[in-house]
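Please read the structure below before turning to the comments.
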Amino acid sequence: MSERDQDRDEQVGYDVHAVEAKWLPVWERLDPFRADDASPREKRYALTMFPYPSGDLHMGHAEVTALHDVIARYWWLRGYEVLNPMGWDSFGLPAENAAIRNNEHPATYTYANIETQAASFKRYAVAFDWSRRLHTSDPEYYRWTQWLFLKFRERGLAYRKDSPVNWCPNDQTVLANEQVVDGRCERCGAEVTKRELNQWYFKITEYAQELLDDLDALAPTWPDRVVTAQRNWIGRSEGAHVTFTVRTESGDRDLEVYTTRPDTLYGATFMVVAADAPLAAELVTEAQRPAYEAYLAETRKASDIDRLSTDRPKTGVDLGVTAINPVNGEEIAVWASDYVLADYGTGAIMAVPAHDQRDLDFAKAMGLPVRRVVDTGEPNPEETYQATTGDGVYVNSGPLDGLTDKVAGIRTIIERLESEGRGSGAVNFRLRDWLLSRQRYWGCPIPVIHCETCGEVAVPEDQLPVELPELRGADLKPKGVSPLAAAEDWVNVDCPQCGGPAKRDSDTMDTFVDSSWYFLRYCSPHDDTQAFDPEQVNAWMPCDIYVGGVEHAVLHLLYARFFTKVLADMGLLDFREPFAAQLNQGVVINQGKKMSKSLGNGVNLGAQLEEFGVDAVRLTLVFAGPPEDNIDWADVSPAGSLRFLQRAWRLSGDVTSTPGVSAEKGDVALRRVTHRTVHDAAELVESKRFNVMVARVMELVNATRKAIDSGCGPADPAVREAAEAVAVLLSLVAPYTAEEMWDRLGHEPSVARTTWPVVDETLLVEDSVTAVVQVKGKVRARLEVSPDISEADLEAAALADDAVQRALDGATVRKVIVRAPKLVNIVV
């Protein structure tokens, strides 16, 4: 039969949608992936990142779950008890904005989308344990989010303060620093501004050093770019706190600044205070106040990204006061500018313009002095206005003059500052405390009551959860304050302490709070007595693999690590890192570009599933390349994947031997291919080379078909062994096809809960290998030789070969390069 005729028969006989309809209800009944807490088997926890219910599944969901499923299903086959749960990160702005547009309740939008996605995930045959499903917007869940908040508050890790915050004018809410990308709202893209507000924070900086140190242990099993992103975001630097005396209209006051280069203090010729820092308003003279306030109004219009841009023209205003440089007694001017940020240290810097380009640009714009204190051998920045930043010889630096050792210079200055009480060595972090208040409705209410008599009062634990009131679309429109503030029946309460009139806190929590502990709740999702059962969590965790997008490199992953460390300090966890290993998937693009409606290059997952079936789409996504690479849908072929699955399915129908027959007397050549494939497949899955694993299965299908067609015969037990191995291996990526093959081969479902095929090590030993012989760079012969042939014997065999002798044609052999047992290169 020709290949074309075979394909035609396969397409007629293999109805992908009929197969899906057949097996989906069987799996629903069998529930093969329900994890048993009491199982004696070794436990593995496979976690995929929390989806948001924003509509039906898209190609991104399809890719991440297909990759994740390879690992979870592989672990089941290898004999582990696998926890592989699913839930929804169901609070958040998209649902609230949709509710405002449609004048409905956010829950209507949210839970309808959850049901749609759940049905799609089940059709997509992901190996989830559906008995552990949870939603962060359920009161049964956010009751414990509130409880955790109160526990953090008891430990001094949740607090309120006034500060300039990032404000999204579109979503009418504050944003954490991590949620501002290139000066814009990470969620909606609006340009972010600054506001002075009183907000709730988590004191993540308390754990900055540990969060940084523990990255060393994660580095071997986490993607490099994630570890690097977290290191950079935490941003540890060593330097000194230096105290300057500022002469103000109301008298002298000390001002402390942080610098990584205290050795350049002799080059500090002015100071700069962030224009929007409270300090600037305190220092400015009355004569300069009008100019300062006008400048401040302009500063508030610029994003932090714009303010830090090196090519942005430098602007500022003289505050009218001076400061005393502690190392030389020099009186220097104090300015306010927008290129210094209020949340960096004290909001003030010492400016060393000769060795910092932004300071130098400011000095040039304002006509301020420049003094070189490190001679790097480059042109003098006092003349060129090009800052020098390298090491060199100290000049104009008093006792440091002539030194070339930067470490010694820094140590000398710090010792002097400490001896005079004008400074000390210090460590600083870029990381800032996590701003968690949100002025929106659809989120977890903050369980605090504000009483004029008692101040901040925690909602008693027996009154949790503080449930959201039933507001609808028209009442949810952002007004600069939370819509909850206008819900008088909800916000006005009696104080739990004094019984007097009080008000609930009307802000809700950042949804990243919800997703900072959900993986713990999965371990005991129906426990109504505690947030999670520590015994179960410590048995299952830390998660053995966490699969998801690199876009969460800082935001979610850093917050989840912080939560885990706090809970460990509370004595609830036996571990301090939540995710032992992590796998980032690439993104699915089309025609070389990100999918978008405006470009007309979107790929609809539902349409692909209808045309090619679930298995073909899953196989295509896994086979397209390494997991971390982007997939261009224009370059792959789900139709080709379907044709391969049809060929694999046909093998199961060709087998005529009975189940359980011994393969020992079967065709040895085919058995070698089968056992080598199973052996390699395990190594490839372990090393996350899923695409190569699929390629090996394709080779096994081809080898089995060739064996049948060349006389091995469908009754040969080696054919059954090969077909069964194909079914088991395919179950990792194409579960419907694999289950149908397993059924046709005479086995009970489910193939996903059988065992990994046993490899006969003796069949992995090769009787011979093919050695390639090159003459003048061209292949002239192929020799079948022993795998353990010596280099001398391989060289002799190559030179004695007739084809090689003809290629040499009497030429003098200058050199023979031998790489036993596979290569001989003859140079003439």
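So for the sequence shown, our numbering puts the first residue at 292; every next one is plus one. Just so you know, even glycine gets a beta-carbon here, dropped at the ideal spot from N, CA and C.
*Using the C-alpha atoms, what's the distance from Y415 back to E901?*
12 Å
*asked:* For the structure I just gave you, are there three or more beta carbon pairs, one from the region 442-459 and one from the region 781-793, closer than 8 Å?
replied: no
_alpha helix (DSSP H) segments (min. 4 residues) lying fully within the region 519-584_ = 569-574
*Around the C-beta of Q821, are 16 or more other C-beta atoms found within 10 angstroms, so that it is buried, or is it exposed?*
exposed
*asked:* Measuring straight from C-alpha to C-alpha, what distance separates E311 and Q899?
replied: 15 Å
*Where DSSP assigns a beta bridge to V1064, which residues make up the other side?*
A1072, V1115
_Same chain only: Cβ atoms within 6 Å of G716, ignoring 5 sequence neighbours per side_ = A531, I705
*Find out if the Cβ-Cβ distance for the pair K770, Q500 is shorter than 8 Å.*
no
*Rounded to whole angstroms, what's the CA-CA distance from S807 to S345? Just pull it up for me.*
20 Å
_C-alpha gap between V985 and T911, whole angstroms_ = 10 Å
*Does the region 485-493 touch the region 723-738, meaning 3 or more C-beta pairs lie closer than 8 Å?*
yes
_When you compare the CB positions of V1010 and L936, do they come within less than 8 Å of one another, or not?_
no
*Given D865, which residues of its chain have a CB within under 6 Å of its CB, disregarding the five upstream and five downstream residues?*
N829
*Under a Cβ-count criterion, where at least 16 other Cβ atoms within 10 Å of its own Cβ denotes burial, should S1041 be classed as buried or exposed?*
buried
*C-alpha distance - P1026 paired with P1005, whole-angstrom precision*: 24 Å
*Just grab the DSSP bridge partners of A627 for me.*
V564, V608
*Within the chosen definition, does the region 1063-1070 reach the region 1086-1101 through at least 3 CB pairs nearer than 8 Å?*
yes
*Quick one: what does DSSP say E445 is sitting in, helix, strand or coil?*
helix
_CA-to-CA distance, E584 to P376, given in whole angstroms_ = 55 Å
*asked:* Using 8 Å as the cut-off, can you tell me whether the region 390-400 makes contact with the region 358-371, which would need three or more C-beta pairs spanning the two stretches below that distance?
replied: no
*Between the CA atoms of I525 and D647 - distance to the nearest angstrom*: 22 Å
*asked:* Buried or exposed, going by whether 16 or more other CB atoms sit within 10 Å of the CB of Q470?
replied: buried
_Measuring CB atoms only, is the region 548-563 touching the region 746-757, in the sense that at least three cross pairs come out at less than 8 Å?_
no
*Alpha carbon to alpha carbon, how far is L338 from V1017?*
26 Å
*Taking the alpha-carbon positions, what's the L755 to D567 distance?*
39 Å
*Report the three-state DSSP secondary structure of Y1027 (helix, strand or coil).*
helix
*Kindly give me the distance between the Cβ atoms of G378 and H308, rounded to whole angstroms, as I take these residues to be in contact under 8 Å.*
29 Å between Cβ atoms; not a contact.
*Given that a residue counts as buried once 16 or more other Cβ atoms are within 10 Å of its Cβ, and exposed if not, what is A1111?*
buried
*Give every residue of the same chain whose Cβ lies closer than 7 Å to the Cβ of G424, excluding the five residues on either side of it in the sequence, and list them in chain order.*
A small correction: the amino acid at residue 424 is Arg; Gly does not occupy that position in the sequence shown. The answer, listed in chain order, is M377, G378.
*What number of angstroms, rounded off, separates the C-alpha of E1055 from the C-alpha of R967?*
A small fix is needed here, since residue 1055 is Leu in this sequence, not Glu. Roughly 6 Å separates the two Cα atoms.
_Which residue marks the beginning of the alpha helix (DSSP H) containing M350, and which one marks its end?_
350-368
*Whose C-beta lies closer than 6 Å to the C-beta of L811 among residues of the same chain, with five residues either side of it excluded?*
F823, V828
_When you compare the region 836-853 with the region 327-341, are there three or more beta-carbon pairs, one atom per stretch, that lie closer than 8 Å?_
yes
*So does the region 922-937 actually touch the region 382-393, counting three or more Cβ pairs closer than 8 Å?*
no
_Beta-carbon proximity of F870 to C834, cut-off 8 Å_ = yes
*Who are the Cβ neighbours of S953 in its own chain at under 8 Å, not counting the five residues just before and after it?*
P1008
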